[in-house]
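Asker: The structure's right below; bear with me while I get my questions together.
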Amino acid sequence: MHDLKPFLPLPGHDWWMDTEKEGQLPIIGGACHPLDLMRWLAGEIVEVSAYGINKNIPDAPWYDTVISNLKFESGALGKCLVSCGAEIPYNLNFSYHGTRGSIHNNKLFIGGMPHVEEWSELPIEIRAEDHTCLQELDHFLSCIERGVKPLIDEIDGARSVAVCCAIIESIENNRPATVFLDF
């Protein structure tokens with residue numbers, strides 16, 4: 373979640389408003405990241421039911437806030453919220469709740485442990501403002517040089533984009549959408 377409004381009038385950002393070239397920017401360019409992580413942790417997403425609104429950036433040709441309910445192949449359920457119009461500093465929050473415990477950002481709770489009723493803080497630094505583009509590019513170039521498959525290949529990327537496309541389809545048709553995974 374963050375507020376894109378201050379960035380929209382800046383030079384070089386006019387492409388953000390071009391849906392012909394960029395489509396639903398907050399979904400394709402924003403939701404893809406938490407959806408990638410959710411797929412890595414819980415497996416493939418097979419169905420989505422999503423809603424989108426455009427309230428905070430009314431001039432934008434895309435939904436500025438999107439919430440998606442997700443059904444995973446494993447039977448797990450998930451939720452992804454993306455908002456680029458929220459009046460909030462840039463932040464990335466992550467929560468994962470399972471049958472034996474939960475994680476929220478850098479906090480862990482393991483269920484079933486006697487006398488444990490509080491979160492344990494993990495020694496992990498949360499750096500929401502960092503982007504890992506340089507490390508990703510270094511890895512990709514190294515794979516080309518060594519002739520090996522990257523950690524995230526074209527099929528993995530296509531499946532994340534397919535989830536984003538299903539989210540857009542669900543919003544536009546006002547019903548759940550099946551994710552195309554046959555790549």
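Counting in this note's numbering, the sequence shown runs from 373 upward without gaps. Heads up, the beta-carbon is just placed ideally off N, CA and C, and yes, glycines get one too.
(1) Pull up the distance between the alpha-carbon of LEU513 and that of PHE555, whole angstroms please.
(2) Rounded C-beta distance between ASN426 and TYR435? I'm assuming under 8 Å.
(3) So, are the CB atoms of HIS374 and ASN463 less than 8 Å apart?
(4) Looking at CYS505: is its Cβ nearer than 8 Å to the Cβ of ILE399?
(5) Name the one or two DSSP bridge partners that LYS479 has.
(6) By a C-beta neighbour count over all protein chains shown, 10 Å radius and 16 as the cutoff for buried, is LEU587 buried or exposed?
(7) Tell me whether GLN507 is buried or exposed, calling it buried when 16 or more other Cβ atoms sit within 10 Å of its Cβ.
(8) Is DSSP giving THR471 helix, strand or coil here?
(9) Tell me the DSSP secondary structure of THR504 in three-state form.
(10) How would you call ASN549, buried or exposed, if buried means at least 16 neighbouring beta carbons within 10 angstroms?
(11) What does DSSP give as the partner residues of VAL420 in its beta bridges?
(12) Could you tell me which residues DSSP pairs with LYS377 in its beta bridges?
(13) Who pairs with LYS427 in a beta bridge, going by DSSP?
(14) Are there any heavy atoms of the ligand HEM lying less than 7 Å away from the beta-carbon of TRP387, as far as the coordinates show?
(15) Starting from THR359, follow its DSSP beta bridges and name the residues at the other end.
(16) For the alpha helix (DSSP H) that contains ARG499, what are its first and last residues?
Answerer: Looking at the coordinates:
(1) The sequence position of residue 513 within the sequence shown is 141, counting from 1. The sequence position of residue 555 within the sequence shown is 183, counting from 1. So the alpha carbons of these two residues sit roughly 24 Å apart.
(2) Here the question's residue 426 lines up with position 54 in the sequence shown. Here the question's residue 435 lines up with position 63 in the sequence shown. Between TYR435 and ASN426 the Cβ distance is about 5 Å, and since that is below 8 Å, they are a contact.
(3) The residue you call residue 374 lines up with position 2 of the sequence shown. The residue you call residue 463 lines up with position 91 of the sequence shown. Taking 8 Å as the Cβ cut-off, HIS374 and ASN463 qualify as a contacting pair.
(4) Translated into the one-based positions of the sequence shown, residue 505 becomes position 133. Translated into the one-based positions of the sequence shown, residue 399 becomes position 27. Contact flag unset, no.
(5) By 1-based counting over the sequence shown, the position of residue 479 is 107. In DSSP, LYS479 forms a bridge with HIS476, GLU493.
(6) Here the chain covers residues 373 to 555 and nothing more, so residue 587 does not appear.
(7) Translated into positions along the sequence shown, residue 507 becomes position 135. Exposed.
(8) As a position in the sequence shown, residue 471 is number 99, starting the count at 1. THR471: coil per DSSP, three-state reduction.
(9) The residue you call residue 504 lines up with position 132 of the sequence shown. Reduced to three states, the DSSP call for THR504 is coil.
(10) Within the sequence shown, numbered from 1, the residue matching residue 549 stands at position 177. It should be noted that the sequence gives Ala, not Asn, for residue 549. Buried, by the Cβ-count rule.
(11) Numbered from 1 along the sequence shown, position 48 holds the residue referred to as residue 420. Answer is LEU442, ALA549, bridged to VAL420.
(12) Along the sequence shown, read from residue 1 onward, the residue named residue 377 stands at position 5. Answer is none; LYS377 lacks a bridge partner.
(13) Taking the first residue of the sequence shown as position 1, residue 427 is located at position 55. For LYS427, which the question treats as bridged, DSSP gives no partner whatsoever.
(14) The model depicted lacks the ligand HEM and carries no ligand whatsoever.
(15) Since the first and last residues shown for the chain are 373 and 555, residue 359 lies out of range.
(16) Taking the sequence shown and counting its residues from 1, one reaches residue 499 at position 127. Note, ARG499: premise wrong, no alpha helix (DSSP H); not H, not E.
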